[in-house]
Amino acid sequence: MAKDYKKLTDNIIAYVGGEKNVSSLYHCITRLRFKLKDVNVARENKDKIQNLDGVLSVIEGNGQFQVVIGNQVSDVFQTIIDNYDIKNALENEGDEEEQEEKSGNILIRFFNILSSIFNPIIIALAGAGMLKALLVVLTTYNLLSSEGSTYKILSAAGNSVFYFLPLFLAISAARIFKANIFVALAIVAALLEPNFTGMVTENGVVVDFLGIPAVLMGYSGTVIPAIVSVYIYSHLEKLLKKVIPKSMEIFALSLVALLIMVPLTVLVIGPIGVMLGDGLGNAMNFISDKSGLLAGLLIGGGWTFLVMMGIHWGVVPIMVNNLATYGYDTLRPMIAAATFASTGVALGVFLRSRNKDTKGLALSSLLPALLGGITEPIVYGLSVKYKKPLIAQTIVGAITGAFMGALQIKAIVYVFPALTTLPAFFGDTFIYYLFGITAAFFGSAALTYILGLGEVGKREETQTGDSNTLDVVVPVEGEVITLDDVKDEVFSSRAMGDGLAIYPETGDLFAPISGEIVTVFPTGHALGIKSTTGTEVLVHIGLNTVDLEKGIFNISVKQGDQVANGQKIGSFNLEKIKAKGYDPTTMLIFTNGIKEEKLVVLDKAMNDVTKFVAHTTLEGVIENS
37 MAKDYKKLTD NIIAYVGGEK NVSSLYHCIT RLRFKLKDVN VARENKDKIQ NLDGVLSVIE
97 GNGQFQVVIG NQVSDVFQTI IDNYDIKNAL ENEGDEEEQE EKSGNILIRF FNILSSIFNP
157 IIIALAGAGM LKALLVVLTT YNLLSSEGST YKILSAAGNS VFYFLPLFLA ISAARIFKAN
217 IFVALAIVAA LLEPNFTGMV TENGVVVDFL GIPAVLMGYS GTVIPAIVSV YIYSHLEKLL
277 KKVIPKSMEI FALSLVALLI MVPLTVLVIG PIGVMLGDGL GNAMNFISDK SGLLAGLLIG
337 GGWTFLVMMG IHWGVVPIMV NNLATYGYDT LRPMIAAATF ASTGVALGVF LRSRNKDTKG
397 LALSSLLPAL LGGITEPIVY GLSVKYKKPL IAQTIVGAIT GAFMGALQIK AIVYVFPALT
457 TLPAFFGDTF IYYLFGITAA FFGSAALTYI LGLGEVGKRE ETQTGDSNTL DVVVPVEGEV
517 ITLDDVKDEV FSSRAMGDGL AIYPETGDLF APISGEIVTV FPTGHALGIK STTGTEVLVH
577 IGLNTVDLEK GIFNISVKQG DQVANGQKIG SFNLEKIKAK GYDPTTMLIF TNGIKEEKLV
637 VLDKAMNDVT KFVAHTTLEG VIENS
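Each residue of the sequence shown is one higher than the one before, starting from 37 at the first, in my numbering.
Take a look at the structure:
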């Protein structure tokens with residue numbers, strides 16, 4: 037039975053400002069990509085969205101507010117489209133003014149356009165690439181003859197997307213640039229028409245067009261000419277619609293467009309585009325040839341961050357162009373180092389964590405990464421969330437990427453790096469590729485295990501196997517002390533309840549237990565939380581800080597909100613508190629006793645600070661790990 041995502045989508049839409057605040061929405065492999073009218077509304081609710089069950093992370097990039105869902109993103113997206121009046125950005129419809137809005141700098145818009153053009157066709161590229169790789173295996177081991185009709189039919193299926201890539205790009209670009217898809221397709225298709233290709237005996241051959249010398253190029257598998265041609269045509273189409281009578285538009289518009297755009301593409305756009313694409317590829321290959329180790333170090337270590345920023349799409353055309361031009365690509369193996377280093381994080385977290393939910397996420401995200409190369413659930417659900425795994429995968433990715441680059445390891449087709457796509461790397465460097473991804477996977481897993489799970493926001497919860505255990509995170513980072521050392525008789529006498537205190541080192545405030553916010557004092561200096569089992573805690577920041585003016589404390593939750601232990605719930609200006617002469621010592625008080633049999637308090641590095649049995653005091657039992 038399909039999972040119901042209605043509650044999740046209702047919360048997401050509410051937190052981004054409602055359906056009227058959404059200009060458009062589409063999704064990629066793991067993310068919902070919102071284009072919002074007022075992004076500040078969503079920014080204010082970023083923590084709330086991030087803590088929804090089913091959301092891995094929230095990021096901003098390419099002028100979009102992106103909610104990372106993971107493997108279920110298509111179902112969540114469809115639930116939104118079915119229940120809200122929100123425009124699907126992947127459909128060739130919408131407000132023209134909205135589509136042409138120029139938000140963000142030119143670089144952001146460029147990568148956003150590339151992302152929008154390539155996203156819909158990546159699935160076809162990956163599938164066709166895998167089929168080509170499968171044929172390599174079958175012919176290598178003499179399971180299929182390359183001379184037979186079976187091979188030729190399957191080869192046609194595998195080659196189709198790459199040979200006719202300009203047509204796929206024409207369709208996708210026309211949708212993005214708001215041009216007539218079929219006219220755009222006709223313009224680009226002329227470059228692959230047999231009479232035209234018959235004249236292209238070699239790149240650079242010169243023929244005559246109305247007395248003008250035309251330099252002919254082969255356009256099969258190229259990227260830039262199709263995109264640029266459709267972009268220029270989109271502007272021409274708007275002009276033609278203004279001057280051509282509506283009654284004649286059905287034939288005159290396409291007639292004039294073809295008469296202008298096909299020669300213009302053949303004479304100017306196409307050759308420049310091919311040379312530009314070859315130039316970018318040559319530049320990257322030059323860097324790789326001269327210092328493959330440095331190139332691999334940067335790509336292997338930095339690829340995850342490029343993906344997080346959404347600017348990795350700038351590399352995709354270069355890889356595709358390399359495959360079309362040279363028959364191989366050296367960038368993809370370097371990227372594979374980053375992919376398998378990310379995947380190794382899931383294994384490391386699974387082995388290190390004692391929390392069943394964290395283990396479950398690690399295990400569930402491991403198989404899609406190994407088999408399909410989809411690592412975003414790992415990156416956002418584990419690496420970014422706990423921070424130290426991100427360090428581990430970056431270090432290992434950089435080292436193994438340098439290894440891939442130094443040995444000039446090659447990919448022969450475009451695929452996502454995964455165990456299922458190993459044939460895409462067949463050749464004289466295949467054994468080195470196997471060694472590289474193996475080292476990346478197990479090296480990252482080992483380093484993740486060694487470094488442990490540092491945290492951001494939600495912590496790594498410790499599962500003791502005892503259902504009567506309450507796990508608590510100290511609400512601020514700093515030195516843990518007993519209440520006896522607090523310079524306030526109300527707290528030191530335990531008149532309000534037992535607990536502990538922390539002398540803070542930073543101004544970040546975290547929820548000590550999972551439960552409901554029951555009280556937030558108007559000044560923000562104190563709040564109360566109640567667990568599902570009835571334990572109530574008071575977090576009190578500083579001594580006598582109720583007298584401080586507003587602005588010192590910034591609490592991001594309100595009464596009735598549900599929080600998870602370790603979740604960041606606010607901040608305070610530690611330096612101002614000290615400058616005004618107040619003691620910043622922060623108390624964690626159990627105001628109604630301990631309802632559990634055992635309590636485990638953890639510091640921010642996930643080490644045990646203290647353990648005690650319910651209704652006993654903490655005095656004298658605090659032990660720093």
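For every residue, glycine included, the Cβ atom is placed at its ideal position computed from N, Cα and C.
Apart from the five residues on each side of it in sequence, which residues of its chain come closer than 7 angstroms, Cβ to Cβ, to L312?
I260
Pair within 7 angstroms by beta-carbon distance, I613 and G578
yes
The segment 229–242 / the segment 267–274 touching (three or more Cβ pairs under 8 angstroms)
no
Which partner residues of R69 appear in the DSSP bridge assignment?
Y62 and Q102
Minimum length 4: unbroken alpha helix (DSSP H) runs contained in the segment 292–326:
306–326
The beta strand (DSSP E) that contains L572, what's its start and end?
Note that residue 572 is Glu in the sequence shown here, rather than Leu. That run of the beta strand (DSSP E) goes E572 to I577.
Leaving out five residues on either side along the sequence, give the residues of the same chain with a beta carbon under 6 angstroms from the beta carbon of I517.
A537
Identified DSSP bridge partners for Y539:
E515
Buried or exposed: which applies to T474, given that a residue is buried once 16 or more other Cβ atoms fall within 10 Å of its Cβ?
Per the 10 Å Cβ criterion, exposed.
Going by Cα to Cα distance, which pick from L489, Y177, D118 and G560 is closest to G602?
L489
Chain-order list of residues whose beta-carbon lies under 7 angstroms from that of F101 (same chain, five-residue window excluded)
V52, F70, L72, V75 and A78
Taking the alpha-carbon positions, what's the N81 to L170 distance?
Straight across, the Cα-Cα distance linking N81 with L170 is about 47 angstroms.
Can you tell me which of F626, T555, D544 and A531 puts its alpha carbon nearest to the alpha carbon of G606?
D544
Give a yes or no on whether 7 angstroms exceeds the smallest Cβ distance from H348 to chain D.
Judged by its chain identifiers, the structure shown contains no chain D, having just a single protein chain.
Confirm, please, whether the CB-CB distance from I305 to S265 is below 7 angstroms.
yes
So, under 8 angstroms CB-CB, G257 and F198 are touching, yes? Tell me the CB distance rounded to an integer number of Å.
5 angstroms
Nearest CA to the CA of M344: which residue from Y62, T66 and K42?
T66
When burial is assigned at 16 or more other CB atoms within 10 Å of the CB, is K56 buried or exposed?
exposed
Endpoints, the alpha helix (DSSP H) within which E552 is located:
Segment G551 to V556 is the beta strand (DSSP E) holding E552; no alpha helix (DSSP H) there.
From F589 to Y618, what does the alpha carbon distance come to, in whole angstroms?
14 angstroms
Rounded straight-line distance, which links the Cα of A222 to that of V251
In this structure, the straight-line span from the alpha carbon of V251 to that of A222 is close to 21 angstroms.
Taking the C-alpha atoms as reference points, what is the distance between A481 and I414?
12 angstroms
Coarse secondary structure for N358, derived from DSSP in three states:
Three-state DSSP puts N358 in a helix.
How is the alpha helix (DSSP H) around K424 delimited, first residue to last?
K424 to A442
Would you decide whether N628 is buried or exposed? Buried here means 16 or more other CB atoms lie within 10 Å of its CB.
When all chains shown are included, N628 counts as exposed.
With contact counted as at least three CB pairs below 8 angstroms, one residue from each stretch, are the segment 430–445 and the segment 399–413 in contact?
Result no; under three Cβ-Cβ pairs closer than 8 angstroms.
Contact check, Y362 vs I448, beta carbons under 7 angstroms
no
Residues of its chain near T301, where Cβ-Cβ distance is below 6 angstroms and the 5 sequence neighbours each way are ignored:
S265
Outcome for M320 when other beta-carbon atoms lying within 10 angstroms are tallied against a minimum of 16
buried
Backbone CA spacing between F461 and G472 [nearest angstrom]
Roughly 12 angstroms separates the two Cα atoms.
Short of 6 angstroms in beta carbon distance, which residues of its chain neighbour L180, apart from the five on each side in sequence? Order them along the chain.
Excluding five sequence positions before and after L180, the CB atoms of its chain that fall closer than 6 angstroms to its own CB belong to L174 and Y187, given in chain order.
Helix, strand or coil: which one does DSSP assign to L174?
helix
For the alpha helix (DSSP H) that K612 lies in, which residues bound it at each end?
L610 to A615
Any idea what DSSP makes of A215, helix, strand or coil?
coil
Rounded to whole angstroms, what's the CA-CA distance from K446 to D46? Just pull it up for me.
Their Cα atoms are separated by approximately 46 angstroms.
List the residues that DSSP assigns as beta-bridge partners of I189.
In the DSSP output, where bridge partners are listed per residue, I189 has none listed.
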